[in-house]
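> The structure follows.
Written as structure tokens, this is what we have:
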């Protein structure tokens, strides 16, 4: 009998989504959709605003990868002004971007994915998460937390150094 | 100044009753949740005293009943957000508007200056390269304007910031776990 399987919400991802899978009468998948259930309209809400507001604003596209959006926006501002930033500033951008990779990957791996790998895909969903990992694999949980913390601290220090406007980042 | 109210985790003979905590993201960027995770190892510490009953970080699909404390990030922008915030309010004791999007609307509400059809058209038609078209069925419909949470339901605690600093989140949670609802305005004043 034809039916639909719905996964709503998709959890342990970095955003809002749901998945629907259509099964035909034979129980074979006839269609599958990934629905992105959030839309803010950054493409439009930025129009008419001063360009130098954009790096800080675009950082708010995502709290996990604000650095990527901010640096991309800063580079666009460089292009608008037809300037080339000094080497040390470019290097600082590289450092802060790499630090973001560290914290973002640590989040994705240790907080979101590791529970599946360490506890098993078929483990009880109630414990198959970072909080369950704190009980079952406390040292790995702690290491993952501290790795992400390292990335966050380097971001904060790099932002404070001045090449990117202080206070532009949503980091604690 | 702290007020006696909120949630109490009671000491009993066998052990304390754990506070049922939920976190939700509506139309936010997850930056507030990241600030929450910036508690770092303090998260391990407070996790001993609470039961995480719903959060994007775990696999619970339905918002449960009898939630003691809910940290709700994000503004109300779609019909789905609206339905969620009403359910959250019904099923939660202490509702915290978590971060500037939840408190004032903040970035998502910047689209309020533009007619909704223009917002849709810019994102789904003018800047789209693959199958341009405004979705009207498979994703939640956007509300005409974006509003903060308190315009739809009563809010118990307002935690400002974009995002609120991790230290303030930690302070708030430890106070709530001790049964007090703190006044955070001195800690979240602009410029801190």
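Protein chains in written order, with the working numbering: chain H, 9 to 180; chain C, 3 to 194. Cβ atoms here follow ideal geometry from the backbone N, Cα and C, with glycine treated the same way.
For the alpha helix (DSSP H) holding residue 75 of chain C, just list the boundary residues, first then last.
Not the alpha helix (DSSP H): residue 75 of chain C falls in the beta strand (DSSP E), residues 69-75.
> Just mark residue 146 of chain C as buried or exposed, buried being the case when its beta carbon has 16 or more other beta carbons within 10 Å.
Classification for residue 146 of chain C: exposed.
> Quick one: Cα of residue 148 of chain H to Cα of residue 86 of chain C, how far?
Spanning the two alpha carbons is a distance of roughly 34 Å.
> Identify whether residue 43 of chain H lies in helix, strand or coil by the three-state DSSP scheme.
If DSSP states are grouped into helix, strand and coil, residue 43 of chain H belongs with the strands.
> Beta carbons nearer than 9 Å to chain C: which residues of the region 39-64 of chain H have them?
Listed by position, the residues of the region 39-64 of chain H near chain C (Cβ gap below 9 Å) are 41, 43, 44, 45, 46, 47, 48, 49, 50, 51, 52, 53, 54, 55, 56, 57.
> May I ask you to list, following chain order, the residues of the region 25-46 of chain C that have a beta carbon less than 8 Å from some beta carbon of chain H?
Against chain H - using a Cβ distance shorter than 8 Å - the residues of the region 25-46 of chain C are 27, 29, 30, 31, 32, 33, 34, 35, 36, 37, 39, 40, 42, 43, 45, 46.
> Residue range of the beta strand (DSSP E) that residue 34 of chain H falls in?
From DSSP, residue 34 of chain H is part of no beta strand (DSSP E); its letter is neither H nor E.
> Listing by chain order, which chain H residues have their CB less than 9 Å from the CB of residue 59 of chain C?
Within chain H, the residues near residue 59 of chain C are 19, 20, 119, 120, 137, 138, 139.
> Should residue 91 of chain H go down as buried or exposed, given a rule of 16 or more other Cβ atoms within 10 Å for buried?
Exposed.
> Using DSSP with H/G/I as helix, E/B as strand and the rest coil, what is residue 15 of chain C?
In this prediction, residue 15 of chain C scores a pLDDT of 40, lower than 50, which makes its location untrustworthy; the coordinate-derived value is nonetheless stated afterwards. Of the three classes helix, strand and coil, the one that applies to residue 15 of chain C here is coil, per DSSP.
> Given a limit of 7 Å on CB to CB distance, which residues of the region 103-120 of chain C reach chain H?
Within the region 103-120 of chain C, the qualifying residues are 109, 110, 112, 113, 116, 120.
> Terminal residues of the continuous beta strand (DSSP E) containing residue 23 of chain C?
Note, residue 23 of chain C: beta strand (DSSP E), 21-27.
> Can you name, in chain order, every residue of its own chain whose Cβ lies under 6 Å from the Cβ of residue 14 of chain H, other than the five neighbours on each side?
These residues qualify, in order along the chain: 28.
> Within 10 Å of its beta-carbon, does residue 75 of chain H have 16 or more other beta-carbons around it, so buried, or fewer, so exposed?
Buried is the call here.
> Hey, residue 42 of chain H and residue 25 of chain H are a contact pair by Cβ (cut 8 Å); roughly how many whole angstroms apart?
Yes, they are in contact, since the Cβ atoms of residue 42 of chain H and residue 25 of chain H sit about 6 Å apart, within 8 Å.
> Contact criterion: CB-CB distance below 8 Å. Does residue 82 of chain C meet it with respect to chain H?
Yes, residue 82 of chain C counts as interfacial toward chain H.
> Which of the three DSSP states, helix, strand or coil, is assigned to residue 95 of chain H?
Of the three classes helix, strand and coil, the one that applies to residue 95 of chain H here is helix, per DSSP.
> Mind listing which residues of the region 61-86 of chain H have their C-beta closer than 8 Å to chain C's C-betas, in chain order?
Here the close residues are 65, 68, 69, 70, 71, 72, 74.
> Specify the secondary structure class of residue 12 of chain H as computed by DSSP and reduced to three states.
The answer is strand: DSSP assigns residue 12 of chain H an E or B state.
> Consider the Cβ of residue 3 of chain H: report whether some Cβ of chain C lies at a distance smaller than 8 Å.
With chain H covering only 9 through 180, there is no way to say anything about residue 3 of chain H.
> Determine the extent of the beta strand (DSSP E) in which residue 53 of chain C is found, giving its start and end residues.
Element bounds for residue 53 of chain C: 52-56.
> Just the C-alpha distance for residue 161 of chain H and residue 138 of chain H, rounded to the nearest angstrom, thanks.
Spanning the two alpha carbons is a distance of roughly 21 Å.
> List the residues that DSSP assigns as beta-bridge partners of residue 80 of chain C.
According to DSSP, residue 80 of chain C bridges with C:144.
> Looking at the unbroken alpha helix (DSSP H) that takes in residue 123 of chain H, where does it start and where does it end?
Taken as a continuous stretch (DSSP letters only), the alpha helix (DSSP H) holding residue 123 of chain H covers 122-127.
> Within the continuous beta strand (DSSP E) that includes residue 95 of chain C, where are the two ends?
Segment 94-100, the beta strand (DSSP E) holding residue 95 of chain C.
> Do you know whose CA, among H:81, H:71, H:97, lies nearest residue 51 of chain H's CA?
Nearest of H:81, H:71, H:97 to residue 51 of chain H, Cα basis: H:81.
> Below 7 Å on C-beta distance, what does residue 142 of chain H contact in chain C?
46, 49, listed in chain order.
> Going along chain H in order, which residues have a C-beta closer than 8 Å to the C-beta of residue 141 of chain C?
Near residue 141 of chain C (Cβ distances below 8 Å), the residues of chain H are 43, 44, 45, 47.
> Expressed to the nearest angstrom, what Euclidean distance is found between the alpha-carbon atoms of residue 115 of chain C and residue 179 of chain C?
When rounded, the distance between both Cα atoms is 40 Å.
> What's the gap between the Cα of residue 174 of chain C and the Cα of residue 20 of chain H?
Residue 174 of chain C and residue 20 of chain H: Cα-Cα distance of roughly 25 Å.
> Using the beta-carbon of each residue, which ones in chain H are nearer than 7 Å to residue 144 of chain C?
By Cβ distance, chain H contributes 47.
> Just how far apart, CA to CA, sit residue 53 of chain H and residue 113 of chain C?
In a straight line, the C-alpha of residue 53 of chain H is about 5 Å away from that of residue 113 of chain C.
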